[in-house]
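In the UniProt record's numbering, the protein residues as written are 1 to 934.
Ideal Cβ placement from N, Cα and C applies to all residues, glycine included.
Take a look at the structure set out below.
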């Protein structure tokens, strides 16, 4: 690949942050790049304008740029300050990111302060003999460039391995999982002082207006303090980026080759002279969004793509004619980890060539797991499938067998398999150790998405062998049965040759910790494994291509999946070696610890990235043995996963979605308001359109009624109420005869209940400010929190029905003055038999009202969908005008009759009233939630 800088130098200048790309030898063939303060425009700059670095700590060297993150109108440059070589492919090194620096780009003073701290931290860590930064121990967390003031507010972030060993009590009370100890001063309005905001690069509010004499930097593009909507979660976001990109050690890159594509898809060795970022697979390009400013500015030298997943490599020696039992084992049989960063001639574990048997051969086993950027996220935050057919926790794992030096005369063999969540719409609550899976949406939608998912796999890999490891009995069974039914239907449509399904109840077969019973599954799929085969490449050309892929899943696609995938991979390794004249069953080393450790490390990496802990059943993957100690360790991991799912994962999910460009920076304001995250892959616009269409079909019994509009609004859970504990999203349908208020089951796409109001009985409409909460700034915005109230006189033509999901019906029309002894009216033939009427048992009130609040139009996902351009108040006014017009028509009154109107403007719940009605319990509840989740 061409034009990629091996190193960069970062320093601060008057006009902006300067990045000087370097070659691996420190030369400067590239033009320096400037990131301007304030507006973050990236452009080339003449070498003559590079500042004279008079002190060593005025700049720091980095190994590449991850990207530029902008939130709350402030930009931060993320650079790689530490790396660790984990493998070599065709002689090219592959690195893991082990440390990053985050430099604010708001002003020279703030950038300089951060750069100097980064420089001092890097100088305190001397480079190792191979010229790279030394790797920290598991108990350390490397976060370069974090201002001192922020350091005071957070603590060390333990590595995943250390977190798994800690007790839950210690995790909760001392470290709070992955993001430091519990936030301090959350109950104070001055949680982050002006000084701390300054250290983070957040513009400060001056006591007096700035003048030309007080301004020391270019502030033309820096927004005023009152124009910057700075999220209070910015310090937590920055620390989360350090953890994700740096200390998690889950991101990998190469300057020379594309590691995002398997040999099965495109040869790893590609000498085409083009920027590396243009060749990588989009599904595995994790920093595409944050690298976009450099790509758009055509700064190819700085466009370094990174991939999340795992890369590991082991060297092993086997014998085509192993010695007999009575012959002494030779030293060359020792298995060792290849360290391509060191000279093989000086490697201590390299066997003496004079002692090597002529029949011995040394191989290199490389394992690469690639996590998909489609439907990314954490365990209970992302389950199942999305509308585009992408599943959660999708990982492509490639096992490559090659010669130790990748010599062209020896074939390179690649075996690819994948994992992914069950491709149906389903979810689980994070508040239980073993929560019940809940299937969502209609059977038609599930089948459509499932078909799209498997069709994409067929187009990419060829034939599919599904291996389903969930339980055939218990809480997992219904989801597994539905999965099997969908695959059977799809198999009839596509053909048996394209899609096969194997259900292996792992827990039942391996009960009593007898994980060796996985061999029963291997016997059942062995022929299929060998038939699909692997990809063989010789002299840069593929002589044979793998004809399909194994797609393995359990519930999380972690622990059970790891055990089975490693079993499949080992069988294919033995199969490949047998074709090369090597019989693994005759080798002296039957433990193959090098293989087990490689796959166990892979399982831990994938598990940490999805569930924030190491993999369960890892003791069996490493040693092929299982005892009570492994079971106790798994119990600890289960408790840690439960804690992470309840506490840490909510915010972490928002960070992942933001960094991948799936949501805007508004996601943090939304998170602060509700302490929850939404799934950006679920199109709210499409979901609401489907709900409106479904309600129209289900609730309008009279075919002569003409539909004039449908909207999704927020409403209390009962009539004559302005505020309830839970405000529900309802569907409001307007016809020329009635107004239908439909309460909707969004998980099952069903109408739970509906009420029909005769338009002729509507007496008034009132619209205005409608504030139901004061616990966050977004909830108190009077321009966005608006709604309206419909008041009407109950009549005998009003209908109230509830979906009982039975085949009985007691009638349709509600008689407001009916007593329990009165018989209900006869049912309309077109009405759904699943609806049953509710009858009033008391005298009808003189009037009745329903309150509706407009949902927020401008959300964190607005940029990803076709959201109407109307504001909240414009939507409310439009709905009220449509209702009034049809009310006058139903009442046979002229719509324009001077002052004749039923619409009144006024506060429904004003800000002052909302503040007075906000109880101490509500404030305390939100503060506690913020304490835990934020």
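Query	Result
Three or more C-beta pairs below 8 Å linking the region 369-389 and the region 606-614	yes
Spatially closest choice to residue 699 from 803, 794, 682, 539, by CA coordinates	803
Residue 739 beta carbon less than 9 Å from that of residue 771	no
Three-pair Cβ contact test at 8 Å for the region 554-566 versus the region 591-605	yes
Buried or exposed (CB count within 10 angstroms, at least 16 for buried), residue 91	exposed
Where residue 99 falls: helix, strand or coil (DSSP)	strand
Alpha-carbon to alpha-carbon, residue 749 and residue 427	15 Å
Own chain, CB closer than 7 Å to residue 548, minus 5 neighbours either side, in chain order	461, 462, 463, 464, 465, 532
Same chain, Cβ closer than 7 Å to residue 435, neighbours up to 5 away in sequence not counted	428, 429
Close-in-space but distant-in-sequence residues of the same chain around residue 666 (CB under 6 Å, 5 per side omitted)	860
Meets three-Cβ-pair contact criterion under 8 Å: the region 534-549 and the region 482-496	no
Sequence-distant residues of the same chain with beta carbon closer than 7 Å to residue 567, five excluded per side	518, 522
Under 9 Å between C-beta atoms of residue 19 and residue 33	yes
Cα-Cα separation between residue 298 and residue 689, rounded to whole angstroms	40 Å
Residue from 9, 425, 38 whose Cα sits closest to the Cα of residue 122	9
Proximity of residue 76 and residue 241 at Cβ, strictly below 9 Å	yes
Residue interval of the alpha helix (DSSP H) (run including residue 751)	Per DSSP, residue 751 belongs to no alpha helix (DSSP H); it is in the beta strand (DSSP E), 750-758.
Exposed unless 16 or more other CB atoms sit within 10 angstroms - verdict on residue 786	buried
When 467, 725, 777 are compared against residue 499, the one with the closest alpha-carbon	467
Close-in-space but distant-in-sequence residues of the same chain around residue 45 (CB under 6 Å, 5 per side omitted)	32, 34
For residue 239, the first and last residue of its enclosing alpha helix (DSSP H)	234-242
Distance, residue 459 Cα to residue 367 Cα	24 Å
Range of the contiguous beta strand (DSSP E) that encloses residue 468	463-468
Residue 67 and residue 376 closer than 9 Å at C-beta	no
For residue 317: DSSP bridge partner residues	362
Nonlocal neighbours in the same chain, by C-beta distance under 7 Å from residue 731, ignoring five residues either side	691, 692, 695, 710, 712, 742, 744
Run of the alpha helix (DSSP H) containing residue 610, from where it starts to where it stops	593-611
Three-state secondary structure assigned by DSSP to residue 480	helix
Own chain residues within Cβ distance below 8 Å of residue 576, not counting five before or after	401, 413, 415, 534
Start and end residues, alpha helix (DSSP H) containing residue 562	559-579
Residue 704, buried or exposed, once every other Cβ within 10 Å from all chains shown has been counted against 16	exposed
Exposure label - residue 64; buried when at least 16 CB within 10 Å	buried
Assigned exposure category for residue 757 - 16 Cβ within 10 Å defines buried	buried
Rounded separation between residue 564 and residue 318 - CA only	24 Å
Close Cβ partners of residue 12 (< 6 Å) along its chain, the five nearest in sequence each way excluded	108, 111, 112, 115
Residue 795 (DSSP reduced to helix, strand or coil)	coil
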